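To start, the structure itself, in structure tokens.
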Amino acid sequence: MFRWLRALAVSDMMYLTVFGLLAPIFALFLRERIPGVTLLTVGLAEGIYLLTIGILRPFSQLYSKNDLTGWRTQHLLWFGSFFAAMTPFLYLMARDMIDIYVIQILYGVGIVFCEPGWSRLMDKACQYRSFLSTERYNTIGTLTAAGLALIGGFIADQYGMVTLLIYMNVTIVVAAGFLCVLYWRFGLNKNSTKA
């Protein structure tokens, strides 16, 4: 396997599954940190995140669809990586549920903006290796997220939520940096065969 393809897979797994560390304990985190949190407000926060993704995904894909040079897609990846990478740090600074709702919107925007760049890199990767099927990749990602959910619960229980969120932030920044470098290096020219 090409080195850049392996780096793509590893950084993408880190980037997408690290939020599995927080997913099972998000409600507990909010309950500990934010006054007046109820199950309704936690559900609303998660709904805002999913609604943001559902509304913006078609626009981000349309925006980068006819991007032959990859320039616009690269910028979407950069901005999306920045928004998603800042999410754990912003959780630590949140004072009330309004802050959490805004953070959930930024997180949704970040994920949606990253998708076209990631898809472009994976399309390029699949030109080289046919075994990287979407189904296999998604299965591995889901299993990794499940394992990280268990680890996240352990870290939060033993060391606290602040430690978990700092670890998440560092991991996401590193993974997002790798993805941006890979896209810049290999994703700009769709016809490029450098490896």
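Quick note on our numbering: the sequence shown kicks off at 1 and runs consecutively.
Even for Gly, the Cβ is constructed at its ideal location relative to N, Cα and C.
From a predicted model like this one, the values you see are computed outputs, not experimental measurements.
Item	Value
Under 8 Å between the Cβ atoms of Gly-110 and Ser-64?	no
Quick check on Thr-142: does DSSP put it in helix, strand or coil?	helix
Would you report the Cα separation of Val-112 and Ile-172, rounded to the nearest angstrom?	16 Å
Three or more beta-carbon pairs under 8 Å between the stretch 159-178 and the stretch 76-94, yes or no?	yes
Given a cut-off of 8 Å, decide if Gly-20 and Gly-108 are closer than it, judged by their beta-carbon atoms.	no
Which term fits Ile-25, buried or exposed, when burial requires 16 or more other beta carbons within 10 angstroms of its beta carbon?	buried
Inspect the CB distances between the stretch 44-57 and the stretch 152-162 and report whether three or more fall short of 8 Å.	no
Quick one: what's got a C-beta closer than 6 Å to Leu-56's C-beta in the same chain, skipping five residues either side?	Val-112
Is the separation between the beta-carbon of Ala-23 and that of Ala-175 shorter than 8 Å?	no
Is Ile-100 near Leu-30, with beta carbons less than 8 Å apart?	yes
Less than 8 Å separating the beta-carbons of Gly-70 and Arg-120?	yes
Could you have a look at Thr-38 and say whether DSSP puts it in helix, strand or coil?	coil
Are Leu-77 and Gly-117 closer than 8 Å when you measure CB to CB?	yes
Using three-state DSSP, classify Ala-94 as helix, strand or coil.	coil
Compare the C-alpha of Phe-79 against each of Ile-53, Leu-106, Met-93, Leu-40 and name the closest.	Leu-106
Could you give the DSSP three-state label for Asn-169: helix, strand or coil?	helix
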